[in-house]
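Residue numbers (our numbering), protein chains in the order written: chain P, 1 to 102; chain C, 1 to 286. Ideal placement from N, C-alpha and C gives every residue a C-beta, glycine not left out.
Structure follows, in structure tokens:
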């Protein structure tokens with residue numbers, strides 16, 4: 001799952017979250033196949049970002065998976081002697097990994 | 001010696017000008033709440049006189065930290081559903097939230113995130129008043145805001161110790177002030193006459209074992225703080241996951257499988273609160 005700017009929508013991307021207007025109306029349900037043809041309409045509705053399946057783009061300033069996993073380890077580095085928290089860390093890392101693949 | 005310093009700090013926090021005093025409306029509402037003749041409609045009407053406050057309250061009660069399936073559109077139903085203590089805490093905290101949103105977005109996100117985890121945990125564990133626990137989570141770090149607002153020089157020293165020397169916030173506070181933000185939060189909420197259901201989990205979120213009457217609520221806020229730190233959703237000056245209290249962990253009685261499900265639920269709810277702001281100009285419709 002990745003949040004991308006609307007302008008970077010490419011054919012074949014699949015919505016992972018509903019696209020909603022600011023007042024909560026659903027414009028486009030999750031699972032919808034995106035196409036560049038929809039781009040204009042979304043832009044007109046002031047939708048700046050959408051969430052798509054997988055991790056199709058390497059966005060500028062975005063952390064790599066390795067960096068993200070390392071950050072998680074650093075956050076937990078002072079509680080390595082606590083088994084439940086080590087389990088929690090492993091699970092958080094697994095979820096991050098899973099969210100990067102589709 | 002140590003008691004002396006604590007007294008001084010307590011005094012400093014009591015005399016302060018920057019901290020929000022109890023809004024007049026809360027005093028009026030408390031009086032009304034004591035009168036058995038008062039209806040929730042009357043209380044709702046009083047709050048509605050302050051349009052901005054009313055809009056903010058409705059926004060908060062409709063957020064994912066509480067998660068009612070239907071939209072709550074009137075203040076009187078909010079009072080019935082959430083209870084007077086929650087509404088009172090939210091009114092008192094509204095000005096502090098504003099400060100956090102403007103000055104410390106990471107702490108604001110951490111607070112929202114902690115409230116979300118509290119809500120998931122409280123419902124899962126079947127506690128009798130999940131909304132009060134979520135509210136305690138929302139304001140658990142209120143002491144940090146108080147220290148930042150009121151004890152500028154000390155705060156800068158704490159900040160320097162945390163950023164420069166990798167102290168945890170808690171250690172730096174203890175060395176500098178001999179009290180920590182949890183204790184300060186406890187003093188404040190007690191001064192505001194909030195019930196122990198809110199005061200204890202806030203005051204004891206780093207040592208939940210010290211809670212007398214609200215052990216479960218304290219354990220929930222304690223672990224919610226840890227979990228949201230671990231997930232990296234908002235943070236303080238320090239980034240480390242704080243230590244886990246063994247007794248609190250046992251009290252929660254969570255199995256590995258519970259953690260998996262809780263993480264999934266929290267992620268889903270965090271998505272809903274993403275970008276949640278009390279700024280009522282942005283997309284709020286009454």
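Limits of the alpha helix (DSSP H) - the one that residue i falls within
{"i": "residue 181 of chain C", "result": "181-191"}
{"i": "residue 49 of chain P", "result": "No alpha helix (DSSP H) contains residue 49 of chain P, which is instead part of the beta strand (DSSP E) from 49-52."}
{"i": "residue 133 of chain C", "result": "130-138"}
{"i": "residue 259 of chain C", "result": "256-273"}
{"i": "residue 252 of chain C", "result": "246-252"}
{"i": "residue 26 of chain P", "result": "Note, residue 26 of chain P: premise wrong, no alpha helix (DSSP H); beta strand (DSSP E) at 26-28."}
{"i": "residue 145 of chain C", "result": "142-150"}
{"i": "residue 40 of chain P", "result": "36-44"}
Residues of its chain near residue i, where Cβ-Cβ distance is below 6 Å and the 5 sequence neighbours each way are ignored
{"i": "residue 32 of chain P", "result": "15"}
{"i": "residue 210 of chain C", "result": "204"}
{"i": "residue 79 of chain P", "result": "85"}
{"i": "residue 18 of chain P", "result": "26, 29 and 30"}
{"i": "residue 5 of chain C", "result": "178"}
Cα-Cα separation, residue i to residue j
{"i": "residue 285 of chain C", "j": "residue 23 of chain P", "result": "Annotation note: pLDDT 39 at residue 285 of chain C (below 50); position unreliable, no value reported."}
{"i": "residue 283 of chain C", "j": "residue 273 of chain C", "result": "Bear in mind that the predicted position of residue 283 of chain C carries a pLDDT of just 41, short of 50, making it too unreliable to give a figure here."}
{"i": "residue 146 of chain C", "j": "residue 179 of chain C", "result": "13 Å"}
{"i": "residue 47 of chain C", "j": "residue 61 of chain C", "result": "14 Å"}
{"i": "residue 52 of chain P", "j": "residue 101 of chain P", "result": "11 Å"}
{"i": "residue 237 of chain C", "j": "residue 149 of chain C", "result": "15 Å"}
{"i": "residue 219 of chain C", "j": "residue 93 of chain P", "result": "24 Å"}
{"i": "residue 7 of chain C", "j": "residue 177 of chain C", "result": "11 Å"}
{"i": "residue 44 of chain C", "j": "residue 89 of chain C", "result": "15 Å"}
{"i": "residue 41 of chain C", "j": "residue 117 of chain C", "result": "31 Å"}
{"i": "residue 138 of chain C", "j": "residue 112 of chain C", "result": "6 Å"}
{"i": "residue 187 of chain C", "j": "residue 171 of chain C", "result": "19 Å"}
{"i": "residue 159 of chain C", "j": "residue 175 of chain C", "result": "12 Å"}
{"i": "residue 202 of chain C", "j": "residue 140 of chain C", "result": "5 Å"}
{"i": "residue 131 of chain C", "j": "residue 119 of chain C", "result": "7 Å"}
Neighbourhood of residue i by C-beta, 8 Å cutoff - its chain only, sequence neighbours within 5 removed
{"i": "residue 6 of chain P", "result": "39, 42, 43, 47, 48, 49 and 50"}
{"i": "residue 36 of chain P", "result": "9, 10 and 11"}
{"i": "residue 240 of chain C", "result": "168 and 229"}
{"i": "residue 63 of chain P", "result": "71"}
{"i": "residue 57 of chain C", "result": "47, 75, 78, 87, 90, 91 and 94"}
Extent of the continuous beta strand (DSSP E) run through residue i
{"i": "residue 91 of chain C", "result": "First-last for residue 91 of chain C: 84-103, but that is the alpha helix (DSSP H), not the beta strand (DSSP E)."}
{"i": "residue 59 of chain P", "result": "Segment: none, residue 59 of chain P is in no beta strand (DSSP E) and carries neither H nor E."}
{"i": "residue 4 of chain P", "result": "2-5"}
Short Cβ contact (8 Å threshold) for residue i with residue j
{"i": "residue 230 of chain C", "j": "residue 25 of chain P", "result": "no"}
{"i": "residue 2 of chain P", "j": "residue 61 of chain P", "result": "no"}
{"i": "residue 259 of chain C", "j": "residue 91 of chain P", "result": "yes"}
{"i": "residue 288 of chain C", "j": "residue 142 of chain C", "result": "Limits of chain C in this structure are 1 at one end and 286 at the other, which puts residue 288 of chain C out of reach."}
{"i": "residue 184 of chain C", "j": "residue 135 of chain C", "result": "no"}
{"i": "residue 197 of chain C", "j": "residue 129 of chain C", "result": "yes"}
{"i": "residue 59 of chain P", "j": "residue 97 of chain P", "result": "no"}
{"i": "residue 182 of chain C", "j": "residue 208 of chain C", "result": "no"}
Cutoff 7 Å; reference residue i; Cβ partners in own chain excluding five residues on either side
{"i": "residue 190 of chain C", "result": "199"}
{"i": "residue 99 of chain P", "result": "1"}
Counting Cβ pairs, one atom from each stretch, are 3 or more of them under 8 Å apart for the region 161-178 of chain C and the region 121-132 of chain C? Two segments are said to touch when three or more pairs of C-beta atoms, one from each, lie closer than 8 Å; by this definition the region 161-178 of chain C does not touch the region 121-132 of chain C.
Should the region 223-232 of chain C be called in touch with the region 40-53 of chain C, which here means at least 3 C-beta pairs below 8 Å? As far as the Cβ criterion goes, the region 223-232 of chain C does not touch the region 40-53 of chain C, which means the pair count is below three.
With a threshold of 8 Å, are at least 3 pairs of Cβ atoms found where one atom belongs to the region 145-157 of chain C and the other to the region 258-272 of chain C? They do not touch, by the three-pair rule.
Can you confirm whether the region 99-113 of chain C touches the region 68-84 of chain C when touching is taken to mean that 3 or more C-beta pairs between the two stretches lie within less than 8 Å? As far as the Cβ criterion goes, the region 68-84 of chain C does not touch the region 99-113 of chain C, which means the pair count is below three.
At a cut of 8 Å, does the region 80-95 of chain C reach the region 55-69 of chain C through at least three beta carbon pairs? With a cut-off of 8 Å, the region 55-69 of chain C and the region 80-95 of chain C count as touching, because enough Cβ pairs lie within range.
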